[in-house]
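Asker:
In the UniProt record's numbering, the protein residues as written are 1 to 260.
1. Using the rule of at least 16 other Cβ atoms within 10 Å of the residue's Cβ for burial, across every protein chain shown, is residue 259 buried or exposed?
2. Going by CA-CA distance only, name the one from 92, 140, 128 and 98 that's closest to residue 228.
3. Hey, residue 176 and residue 184 are a contact pair by Cβ (cut 8 Å); roughly how many whole angstroms apart?
4. Helix, strand or coil, according to DSSP, for residue 38 in the structure here?
5. Consult DSSP for residue 168 and reduce its assignment to one of helix, strand or coil.
6. Under 8 Å: do the region 149–160 and the region 190–207 share three or more Cβ pairs, one atom per stretch?
7. One question on the structure: do residue 24 and residue 126 come within less than 8 Å of each other, judged by their Cβ atoms?
8. Just how far apart, CA to CA, sit residue 145 and residue 100?
9. How is residue 208 classed by DSSP in three states: helix, strand or coil?
10. Once the 5 residues before and after residue 166 are set aside, which same chain residues still bring their CB inside 8 Å of it?
11. DSSP three-state call for residue 32: helix, strand or coil?
12. List the endpoints of the continuous beta strand (DSSP E) containing residue 115.
13. Check whether the region 1–14 touches the region 100–114, taking contact to mean three or more Cβ pairs, one atom from each stretch, closer than 8 Å.
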């Protein structure tokens, strides 16, 4: 299913995006050495409930997971890159943490992820890897405009990641959003330009470049959810939800406020 929002629905999408961004920003600011991942999940839950929103994760039970997910935020540490199930783990100096959050507000979903290093020092190569995913995300957003094809976005993202020297997994990537979290079209993190669905105003997309330092192969934890690099190498993941407008792409998952 591919949903196209009307102009009157876009403000609701903006509100959902701002909420996701604000929660991620708040949670990130509280993640320090010693923070337990279960506390991170509780913080996200409290902010989602307070906003009158709904988690997209708690009851999420796709075919690739051992569902339902049962938590409010994905917390992926070091070699974990996607669908990190919060568990009893206290963050340590130098941990590379990815927070991934999807929330529904007034019937519309926004989805975003951020990777960062807790405390310090940063492990070798980790900041460069995070930067590569951020630059790839920016390139994908820059390519998004009415009349462009999904392949144009995939090609822009993949060019940055490939030039940075990272293997690219195409099993998981970006996707459409709307009234539900995962919709068509699928946006792989590499691809051929000029191929795929034609973008039009009102389309919402979650673009999410992610990489593993030296492999494109994933393995699944015993929890049935957490996806890790097959070699145990570090990973990184950046994601924004965007809306295609008449003028190009609008990033919806930017914070609405500044934390002191």
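We put the beta carbon where it would ideally sit given N, CA and C, even for glycine.
Answerer: Considering the structure as presented:
1. Residue confidence is low: residue 259 scores 48 on pLDDT, short of 50, so the model does not pin down where it sits. Its coordinate-derived value is still stated next. Residue 259 should be labelled exposed.
2. 98
3. 5 Å
4. helix
5. coil
6. yes
7. no
8. 25 Å
9. coil
10. 129, 132, 211, 212 and 213
11. coil
12. 108–117
13. yes
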